[in-house]
Structure formats: C-alpha cells, structure tokens
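Asks: One structure is given below, represented as structure tokens, and several questions about it will come after.
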Amino acid sequence: MFRKKLFLLGLIVLSCQWIAQSRGELVDEFRHPPDSARPWTYWFFMDGNVSREGITADLEAMAKAGLGGVILMEVDVGIPRGPVEFMSEEWRELFKHAVEEAERLGLQITLNAGPGWTGSGGPWVDVEQSMQHLVASAMEVEGPKEFQGILPVPEPRPPYFGESGLPPEILEARKGFYSDVTVLAIPRTDGYRIADIDEKALYVRAPYTSKPGVKPFLPAPAEYPNLPVQSVISATAILDLTDHLQPDGRLNWEVPKGEWTLLRFGRRTTGANTRPAPRPGLGFESDKFDKAALDSHFENFVGKLLEAVGPRPVDRENGWTMLHIDSWEMGSQNWTDGFGAEFQKRRGYDPTPYLPALTGRVVDSLEISERFLWDLRLTAQELVIENHAQHLKELGRRHGFGLSIEPYDMNPTADLTLGGVADVPMCEFWSDGYGFDSAFTCFESTSIAHTLGKPIVAAEAFTAGSGEAWKLYPGAMKNQGDWALCTGINRIVFHRFAHQPWLDRKPGMTMGPYGVHWDRTQTWWPMASAYHQYLARCQHLLRQGSPIADIC
C-alpha cells in the first residue's frame, strides 16, 4: 500500500514539474514567438514592373517588420505594363533572386499555381486541354420519313466573366474547338424544364456569400411532383443515333412515326482563362478533370521555374516552400474527353440516355433526373479532387512543396472536400467597409483544419476595394483581426503587399483598386512590427493543443 502511494506521489511530482516546465516554455514562446508563427502577406508583381533591387528591398522590409512569408502572384489589374515579360528568362532570373533572398532572410514563398489569381493555366494550355462542358443543339423532325440533313453545331456558352480583354487567338480557339459526343433522338415534349438547370448541371457556379438570399439547389425536404406525360421522356424511348452521324455533321436516319427532337451533344471549352494574368501569361485554364492537362501545365510553369531556381533540399524550411490554389474563380465544368466512361465506372450506369436532363428536359421522372444530375456533380467533384487538387499536391511533394487552398467561390466540388486536400486550408475576409461577406469561408476552413488535424489555417485578410484606399492602418483593423483569430484562424495573410520596383518613390506602386495597402512605402510601416508581433504571439498560442468545440 505504501509503495502504491509513493508511486502515485512520484507521478504527481513529475507531472507538476512537466506542467511547470511546459508552462514556462509557453510563456517564453509568447514573449519570443517562433518565426513560424509570424503573419504573412500576399505579394503581387504588377505586370512586368519588377526589379532586382525592389525584390531585395521588399523582402528585407518584410523580414525586418516581422512577416514570415508571402504568397506570390503576378497580375494585370490595369497598371501600365512594365519592361519584364512574365516567364521570360529575365523574369525567371528575378524569381530565382527572390527565392535566394527569401532563403537568406528566413522567409517562405508560396507560389500561386498559375499566372493571375485564378487557377492553373496559361498560353501553353491547348484548347483540347482546357476546361470543357457538354453543349447541345436541337432540331425538330416528324416521321415517318427519311431524314438527310446537317445537324446544327451546338453554340459555345459565353464565359462567366465574358470575353472582354481576351486576345484574338483565345477567342478564335474558343469558337473553333468542338468535338461530337453523341446524337440522341427523343420524343418531343412540352416546354417544361428542370428548375435552376444551369447550376444543377454545373454550367454555372455563381459566387456565394454569407448573406441572405443564397439559393439551394433543391428544396428541403425534396419534392418531386408528378408531371404530365407530355413533359417526361421515357429513357427506353430515346434512340442513340451517334453511329448515323457523319464527320461533317450530316445525319441519315429513317424517322419513325411521331414528333421527334434531335439533340446533338458535343464538348466545347468553357472559355475559362487566367484572368487577370499579365498578357504573356494569358491563356486557357487547364482541364480540372484531366491529370495529363495538369501535368502539361505543371511542366510549363512550375517546371521551368524549378529549372531556373535549381536544386533545393526537399525538407527546406525557407525559400520556395509551397504551391497555392486561390479562391476558385475560373467557373465550373461538367465534361471532358472520356467523362462518360468515368461516369459509368464510378456510378455504375451509362449516362447517355439521361443526357437530355442537362438541357433541362425530364427523363423518366423528375426524381430520376435530379438523381442523375446529383451523380453528375458527384463525378465532377471526384475528378476535380483526384485529378487536379490531389494530383497537384502529389506533383508538388516530389519537389518538397506543401499546398495551400482557398476552397470556395465558384468551384464544382464541396468546399470542405476540396479544402481537405490542402496542407494549409485558407479562407478570406474583406475589410469591414466592403459589402461582400465571405465570413463563411473562415468557418469552413477552421472546420477543415480542426476535424482533419491540420495545425495551420490561414486567411487572406483585410482585402479591400477602392473605397478604402489608404484609409486603413493597424489600429483600425485590430478588432476585425481579433474576430478572425476567434474563429480559429492562426495565420493572417495580409492582402496585399504590392511589389515596389523602385527605391525612391512613395507611396509607389499600387494594385490598382485593391488593398489593403500593406506596403513598405506606407507612412506607418516602421511601426507595423508591433502589430505583427502581437499577431505572432496570438497565432503561436492558437496552434498549441487541440481545438475543442461542440460543432466544428
């Protein structure tokens, strides 16, 4: 008995010593937080306005002020074009210089996965490997008779952000690319169409906000009213005429008795492009369903920069350490070459008889059509996750890169699923004065980090529009920053620090209308280190232990 008590007493003493030691270490780390806990910033190069001395001055100013790293992008937001062409030999040498300076100063660089802030694409992406969707044309015929005619080629859908500013070669390639998928003859129906079909079929994914008015795909609980017979197509009545279609679009067919609609389905590029990339980086977004498309993009963009930078330790802690997928602003896609076979492999049935549902028509019943559209979205999500996000992570791993992702906005997947791929899930919040409310993304990203055990969750922070130009400063921003910390964010990434190519101009380079102006040319920049130190202390403490919440 005495031995048991002595043993327990010993355990208590050791535990108290460990707790005291741990507490002492934490207090010391609070006073002197590690460099890994420092806040970061977005670092934007402005369309060729880049200089070697400016890169050094920027990074030295960041390190001196207590920043820990950057997310680097080059964009064209209307600033007059500079002399250094994006991805030229000179540009790649300047990128190498930035990496070497970051290594010298103990900073980290995360590189966006492509030019601009959109996604992963560029002029090296052939239209065949661009994002695609299934389009259809319709022609009415009546039988019995022999039909010989050319079916109209389905028109391309306009890109979500329009065609303004796109060069002629992109416009011509977009309009010129078309590949037939199938031709179906369906009994003619009335004009009934499935509600919100463009969203349900992934032709459109509009940006979402936290504000009221966001429309769900389906009502809850789901209701599927019985429709009149003339509104519904029986799958068994659909005829596949693909083998009757000639290369020039001519169809020869013995039309059965009745009224028929001929649907010609084909794939076209969505037109998604790398806006707002600098002109030499403007091109199609790569196909997010296709590993080969990402491989080609990676080789032409990241691969060339790896060649310029040269070998680096895989386990490096500074320099170029990560790749990044920013908020999904390239829109959605619902098709790729071989999508039908992938669908059948994953869902267990042939999608062909149900393709009229993509035009809003009802096949078999409203419930069955909605289930098919669900399966379409699920297949699209799986392909994006496996062949794009996860594959990018795997490609980066081979070179020692981690991956951060902002998994929201217009993406064709579930945000939490896409964000779960990241080493560092991210969100964004705009400054108080801006109307767009993206606070929900912070709750999403902290949920991802907490449920999947990811130690760092970052936020694109204090993004601002032209209405707040030069008005914000740390004291005016602290309350909102504290809110972000309370949601679980433990890495603030200021949006934004504009690269200053000059050493003698103030306030110097801007990012057009976008802030916040977190620049070394700010009048208060010499005092910003106090706020950075405050954030580093908070962020370090927020990374200790495990988060406990009733709902993550």
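What the sequence shown shows, in this note's numbering, is residues 1240 to 1791, in sequence order. From the three backbone atoms N, C-alpha and C, an ideal C-beta is built for every residue, glycine too. Small disclaimer: the values here were computed from a predicted structure and weren't measured.
Going by the CB atoms, is the gap between G1727 and T1685 shorter than 7 Å?
Replies: yes
Asks: Alpha carbon to alpha carbon, how far is P1595 from S1604? Give it in angstroms, no decimals.
Replies: 12 Å
Asks: For the candidate residues F1416, S1608, N1491 and P1517, whose alpha-carbon lies nearest to that of S1470?
Replies: Looking at the Cα atoms, S1608 is the closest of the given residues.
Asks: May I ask you to report which of helix, strand or coil DSSP gives T1475?
Replies: If DSSP states are grouped into helix, strand and coil, T1475 belongs with the helices.
Asks: Less than 7 Å between the beta carbons of F1733 and T1280, yes or no?
Replies: yes
Asks: Going by DSSP, which residues form a beta bridge with Y1753?
Replies: M1750
Asks: Rounding to the nearest angstrom, what Cα-Cα distance links E1524 and F1269 in this structure?
Replies: 44 Å
Asks: Run through the region 1694 to 1772 for me and flag every whole alpha helix (DSSP H) of 4 or more residues, listed as ranges in chain order.
Replies: 1713 to 1726
Asks: Just curious, the beta strand (DSSP E) that P1383 is in, first and last residue?
Replies: Q1371 to I1389
Asks: Beta-carbon within less than 8 Å of I1294's beta-carbon, same chain only, minus the 5 sequence neighbours each way: which residues are those?
Replies: L1333, H1336, A1337, E1340 and H1738
Asks: Between L1344 and A1580, what straight-line distance do the alpha-carbon atoms span, to the nearest angstrom?
Replies: 51 Å
Asks: Which residue wins for smallest C-alpha separation from V1623, given the options G1704, V1468, G1570 and V1380?
Replies: G1570
Asks: Applying the criterion that 16 or more other CB atoms from any shown protein chain within 10 Å of the CB defines a buried residue, is K1527 buried or exposed?
Replies: With 16 or more neighbouring CB atoms inside 10 Å of its own CB, K1527 falls in the buried class.
Asks: In the structure shown, what three-state DSSP assignment does D1676 receive?
Replies: coil
Asks: Do three or more CB pairs link the region 1357 to 1371 to the region 1549 to 1569 at distances below 8 Å?
Replies: yes
Asks: What are the boundary residues of the alpha helix (DSSP H) that R1291 is part of?
Replies: R1291 to A1304
Asks: What does DSSP give as the partner residues of M1326 in its beta bridges?
Replies: M1326 pairs with nothing; no bridge assigned.
Asks: In whole angstroms, give me the CA-to-CA distance for D1743 and L1634.
Replies: C-alpha of D1743 to C-alpha of L1634: approximately 41 Å in a straight line.
Asks: Counting beta carbon pairs with one atom in the region 1296 to 1314 and one in the region 1486 to 1506, are three or more of them shorter than 8 Å?
Replies: no
Asks: Decide if T1652 is buried, meaning its Cβ has at least 16 other Cβ atoms within 10 Å, or exposed.
Replies: buried
Asks: How is S1608 classed by DSSP in three states: helix, strand or coil?
Replies: helix
Asks: Tell me where the alpha helix (DSSP H) around H1630 begins and ends.
Replies: Per DSSP, H1630 belongs to the alpha helix (DSSP H) from Q1629 to R1636.
Asks: I need the boundaries of the beta strand (DSSP E) containing P1426, first residue and last residue.
Replies: For P1426, the enclosing beta strand (DSSP E) has its first and last residue at S1418 to P1426.
Asks: My guess is that F1325 and E1313 are in contact by the Cβ rule of under 8 Å, so how many angstroms apart are they, rounded?
Replies: 6 Å
Asks: Tell me whether the beta-carbon of T1508 lies closer than 7 Å to the beta-carbon of S1403.
Replies: no
Asks: When DSSP labels each residue in this structure, what does L1346 get in the three-state scheme?
Replies: coil
Asks: Please return the same chain residues whose Cβ sits closer than 7 Å to the Cβ of K1632, not counting the five positions on each side in sequence.
Replies: For K1632, same chain residues with a beta-carbon under 7 Å away, outside a window of 5 residues either side, are L1642 and V1660 in chain order.
Asks: Under the rule that 16 or more other beta-carbon atoms within 10 Å means buried, what is I1695, buried or exposed?
Replies: The residue is buried, with at least 16 neighbouring Cβ atoms inside 10 Å.
Asks: In this structure, does DSSP put I1409 in helix, strand or coil?
Replies: helix
Asks: Among D1721, I1472, F1284 and T1680, which residue has its Cα nearest to the Cα of P1322?
Replies: F1284
Asks: With C-beta atoms as the reference, is A1703 less than 7 Å away from S1677?
Replies: no
Asks: Might you give, ordered along the chain, the residues of its own chain that have their beta carbon closer than 8 Å to the beta carbon of K1745, omitting 5 neighbours on each side?
Replies: T1760
Asks: Does Y1588 pass the burial test, meaning 16 or more other C-beta atoms within 10 Å, or should it be called exposed?
Replies: exposed
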